[in-house]
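S.K.:
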Amino acid sequence: MDQRHPKRVEDYTTANLILIFVNLFWIFGVIWAHFGLAAVILTGWVLNHGITRLAVYKASRAIQWSRKSDA
1 MDQRHPKRVE DYTTANLILI FVNLFWIFGV IWAHFGLAAV ILTGWVLNHG
51 ITRLAVYKAS RAIQWSRKSD A
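Its first residue numbered 1, the sequence shown is counted upward by one per residue in the numbering used here.
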């Protein structure tokens with residue numbers, strides 16, 4: 001059987017982060033135009049809170065606490 005290893009792929013992290021910024025920028029612009037600056041601030045706060053909670057959840061799952069039974 002042919003044992004070919006895949007080649008190294010390019011790192012698209014920077015491109016993806018720039019595209020995320022551009023999308024957030026125009027979405028916040030639309031929210032600002034329709035609902036005002038307070039809605040943009042609230043949306044940003046909710047996104048920040050959600051991302052922080054997701055990071056805490058993923059970190060807690062990565063630790064995998066050992067559970068001792070009380071039996």
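Glycine included, every Cβ here is placed at the ideal spot set by N, Cα and C.
In three-state terms, what does DSSP make of G36?
M.R.: G36: coil per DSSP, three-state reduction.
S.K.: Where does K7 sit, in a helix, a strand or coil, going by DSSP?
M.R.: coil
S.K.: So F28 and V40 are supposed to be a Cβ contact under 8 Å. How far apart are they, rounded?
M.R.: 5 Å
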